[in-house]
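Below is one structure, written out as structure tokens; comments come after it.
In our numbering, the protein residues as written are -18 to 241.
Pasting the structure below:
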């Protein structure tokens, strides 16, 4: 039952070329940066990544993207990553943009054995009707567009509404970041760092977690566990230096009254 690995390099060593990854994090919060860097060093390429966003230039998933390791991305937004935008518009990477709540539910569904579900999000837009650019050609023309999705009307609370069918997401590997974990893989996330991490873990066939603090089985109060160890296959403990790396995506400051 001891799921700990000696290093991030050992934990990601068998991720092959062309693997699909679900990766936790929102912006720069809760990002498994140590595992991402280990995967960069490992050399796997042609990856398909599922994550809320693709990091920023030079950090998070952005380091894999700038190195040309990512073939396709399923995400909610491009965000502040200029390299992401450049590669997408230049036809170097395929991008499937998905409503944020739908993306979360697609991963959760994948982790709970639900193959597909209906949602009102995106009905009447290119999300359901198709035509969203997935890949551009180098000349700027659209090479691949999203297909139309099945829709159906349902009566809910006395109201008839149209819903679109969305398919669950399952990945080969999941990379997540937690505040605390035990050797059985039970994880506790810190406040907003929980974000997409439990869902990315649930959707993966093999989940790898980096934790700030590693404790022995039984030390975590069962009521505090956010993700049970059944969803986690490998755990690595971060060093104090690795845990302390917590960049801020945007710093907003104001002058203090009376300050000079």
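Beta carbons: idealized from backbone N, C-alpha and C, even for Gly.
Quick caveat: nothing in here was measured; it's all calculated off a predicted structure.
Where DSSP assigns a beta bridge to residue i, which residues make up the other side?
| i | result |
| --- | --- |
| residue 54 | 30, 76 |
| residue 188 | 155 |
| residue 217 | 191 |
| residue 206 | DSSP output for residue 206 lists no bridge partner at all. |
| residue 146 | 99 |
| residue 161 | 169, 194 |
| residue 137 | 140 |
| residue 7 | 10 |
| residue 37 | 40 |
Which residue comes first and which comes last in the beta strand (DSSP E) that contains residue i?
| i | result |
| --- | --- |
| residue 127 | Run containing residue 127: none; DSSP gives neither H nor E here. |
| residue 2 | 1 to 4 |
| residue 114 | 114 to 117 |
| residue 93 | No beta strand (DSSP E) holds residue 93; the alpha helix (DSSP H) holding it covers 81 to 93. |
| residue 70 | Counting along the chain, residue 70 falls outside any beta strand (DSSP E), though it belongs to the alpha helix (DSSP H) covering 63 to 70. |
| residue 102 | Segment: none, residue 102 is in no beta strand (DSSP E) and carries neither H nor E. |
So the candidates are the options; which of them puts its Cα closest to the Cα of residue i?
| i | options | result |
| --- | --- | --- |
| residue 223 | 159, 202, 176 | 159 |
| residue 113 | 103, 189, 123, 127 | 127 |
| residue 56 | 157, 88, 71 | 88 |
| residue 69 | -16, 82, 54, 184 | 54 |
| residue 167 | 6, 40, -8, 198 | 198 |
| residue 104 | 95, 147, 97 | 147 |
| residue 204 | 37, 185, 169 | 169 |
| residue 182 | 131, 152, 201, 233 | 152 |
| residue 109 | 132, 21, -12 | 132 |
| residue 47 | 62, 0, 220, 185 | 62 |
| residue 36 | 228, 235, 201 | 228 |
| residue 208 | 96, 180, 34, 100 | 180 |
| residue 154 | 66, 58, 92 | 92 |
| residue 65 | -13, 86, 43, 19 | 43 |
The alpha helix (DSSP H) spanning residue i covers which residue range?
| i | result |
| --- | --- |
| residue -15 | From DSSP, residue -15 is part of no alpha helix (DSSP H); its letter is neither H nor E. |
| residue 19 | 14 to 23 |
| residue 259 | With the chain represented from -18 up to 241, any question about residue 259 goes unanswered, as that position is not in the structure. |
| residue 44 | 43 to 47 |
| residue 109 | 107 to 110 |
| residue -11 | -11 to -8 |
Pull up the distance between the alpha-carbon of residue i and that of residue j, whole angstroms please.
| i | j | result |
| --- | --- | --- |
| residue 171 | residue 218 | 16 Å |
| residue 195 | residue 107 | 45 Å |
| residue 15 | residue 206 | 22 Å |
| residue 141 | residue 8 | 36 Å |
| residue 161 | residue 123 | 45 Å |
| residue 117 | residue 29 | 17 Å |
| residue -6 | residue 23 | 7 Å |
| residue 49 | residue 25 | 10 Å |
| residue 190 | residue 213 | 7 Å |
| residue 178 | residue 77 | 20 Å |
| residue 138 | residue 230 | 41 Å |
| residue 164 | residue 211 | 12 Å |
| residue 2 | residue 79 | 16 Å |
| residue 239 | residue 10 | 33 Å |
| residue 121 | residue 237 | 48 Å |
| residue -1 | residue 157 | 19 Å |
| residue 38 | residue 45 | 10 Å |
| residue 125 | residue 74 | 11 Å |
| residue 40 | residue 99 | 35 Å |
| residue 233 | residue 135 | 45 Å |
| residue 225 | residue 150 | 32 Å |
| residue 235 | residue 119 | 44 Å |
With a threshold of 7 Å between beta carbons, is residue i in contact with chain B?
| i | result |
| --- | --- |
| residue 96 | Among the chains in the structure shown there is no chain B, since it carries only a single protein chain. |
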